[in-house]
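Here is the structure we will look at, set down as structure tokens.
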Amino acid sequence: MPQIPGVPITDDGGSITLDLGDLSISVAENLGRLAVAILGTLIAVRLVKIAIGRVEEHRLREQLLFFVPKAVAVVMTVAGLGAVGIDITGMAAVMATIGFTGAVVFTPVGQNLVAGAMIRIDHIYQVGEVVTIGDLHGVVLYRSMLRTELALPDGSTAWVPNSLFQENQVLNHSRMGGWRICVQVPLDCSADRAVALKVMNQTIEGLAWNAPDREPFVAFDHVGGEAMFFNVYAWIDDRTLEPWYRGLLLNELVDALEEVDVSVGQTTNLSINGRPQTKAIGPADRGASRLR
């Protein structure tokens with residue numbers, strides 16, 4: 004005769020009697036445990052949200068509020084199912100392993116999480132440092148396990164996925180001792196070369212804003228059809244102010260050369276990557292260059 008677990012069966016020869024009393028008690032107990040597990044889950048999630056609400060950093064607080072309550076709910080659900088006699092630990096372990104591997108390998112979120120962990124382990128950058136990643140350059144305002152917030156030179160803000168920091172070359176200019184800028188100074192008269200070189204060297208020695216432990220220098224570049232060209236190099240800490248510093252450097256050099264009657268030709272202000280960029284004539288503010 005087949006047996007039903009937990010249900011006693013009696014056979015008096017002529018009839019079969021099922022005693023459902025114990026089964027009713029077992030079902031009631033399991034329903035009670037399930038109700039307690041649900042209530043415990045709701046209380047645990049609520050307490051976790053209250054604790055996370057005390058985090059002062061609003062970006063971190065929002066991220067924790069998104070992920071942690073869901074993780075707590077899953078754990079409490081598994082515990083509740085175990086309390087009513089449903090053992091899913093083996094299945095949960097297999098699903099968790101497959102899910103974690105798939106998330107890391109195939110999803111951007113998983114890749115960014117791994118990259119965020121590696122950034123912290125390798126100590127690539129900190130908040131406040133100036134970095135370049137691919138075509139983006141800026142000051143690190145905030146970093147999380149998923150993204151990094153950069154303040155770009157044009158005043159905008161970029162949220163960069165951490166995976167880009169693993170896939171591309173990263174330059175940390177704060178640890179490199181600054182960023183080199185260059186301006187080009189042409190001379191109309193070749194006879195002024197020696198005097199101009201001396202004056203420009205004296206000028207850059209007194210640059211108060213040059214990055215510490217980095218020496219500015221003057222380099223003779225080439226002789227053109229109508230002028231001789233010098234490149235003057237200096238170092239800055241923050242590339243977001245690079246256009247202003249280039250204008251300031253060129254302004255100081257032209258002022259010093261004009262004081263000794265050295266004729267300065269039409270000039271170009273070189274960008275950081277070395278490509279010439281014509282310096283437009285603007286108002287006489289702190290970043291305007293005096294051009295002739």
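Heads up, my numbering is the position in the sequence shown plus 3, with the first residue counted as 1. Glycine included, each C-beta is placed from N, C-alpha and C at the ideal position.
Beta-carbon separation of residue i and residue j under 9 Å?
i    : j    : result
L263 : V188 : For the sequence presented, residue 263 should be read as Val rather than Leu. No, these two residues do not count as a Cβ contact at 9 Å.
A259 : T206 : yes
G83  : A31  : no
N213 : A237 : yes
V235 : L252 : yes
E170 : L210 : no
Using a Cβ-Cβ cut-off of 8 Å (strictly less than) and excluding sequence neighbours within five positions of residue i, which residues of its own chain qualify?
i    : result
R64  : I55, G56, V58
F233 : Q187, V188, P189, L190, A199, L200, M203, V221, A222, F223, D224
V51  : V71, P72, V75
I46  : none
L149 : Q66, V112, N115, L116, G119, P164, N165
L139 : L153, L155, A161, V163
P219 : I207, E208, L210, N213, V235, Y236, A237, W238
Residue i by DSSP, collapsed to three states: which one?
i    : result
H126 : coil
E152 : strand
R57  : coil
S131 : Before going further, note that residue 131 is Gly rather than Ser in the sequence given. Coil at G131, not helix or strand.
G141 : strand
V112 : helix
V48  : helix
V163 : strand
V263 : coil
R278 : Because R278 sits at a pLDDT of 35, beneath the cut-off of 50, its placement in the model cannot be relied upon, and the point is left open.
N272 : Low local confidence applies: a pLDDT of 47 at N272 is under 50, so the model's placement there is unreliable, with the coordinate-based value given in what follows. In this structure, N272 counts as strand in the three-state DSSP scheme.
R249 : helix
G24  : Only weak support exists for where G24 lies, its pLDDT of 49 falling under 50; the value from the coordinates is given anyway. Of the three classes helix, strand and coil, the one that applies to G24 here is helix, per DSSP.
Within a Cβ cutoff of 6 Å, which residues of the same chain sit near residue i, ignoring the five residues on either side of it in sequence?
i    : result
Y195 : According to the sequence provided, residue 195 is Asp. The question's Tyr does not apply to it. Excluding residues within five positions, the ones whose Cβ falls inside 6 Å are V265.
S166 : Q114, N115, A118
G24  : Confidence in G24 is poor, its pLDDT being 49 and thus under 50, which makes the residue's placement too unreliable to answer from.
Y128 : V134, V143, N175
I101 : none
E60  : none
Whose C-beta lies closer than 7 Å to the C-beta of residue i among residues of the same chain, with five residues either side of it excluded?
i    : result
A287 : In this predicted model, A287 has a pLDDT of only 37, less than 50, meaning its place in the structure is not dependable; the value taken from the coordinates is given anyway. Taken in chain order, the list of residues that qualify is empty.
L68  : K52, I55
M231 : P189, L190, S193, R196
V48  : P72, V75, A76
G43  : M79
Task: Three CB pairs or more closer than 8 Å across the region 115 to 123 and the region 70 to 79 - done: no
TODO: Check whether the region 175 to 184 touches the region 153 to 164, counting contact only when three or more Cβ pairs, one atom from each stretch, lie closer than 8 Å.
DONE: no
TODO: Quick one: which unbroken beta strand (DSSP E) runs of 3-plus residues sit fully inside the region 165 to 241? Chain order, please.
DONE: 173 to 175, 182 to 190, 220 to 226, 231 to 239
- [ ] Could you tell me whether the region 123 to 137 touches the region 168 to 179, where touching means 3 or more Cβ pairs closer than 8 Å?
- [x] yes
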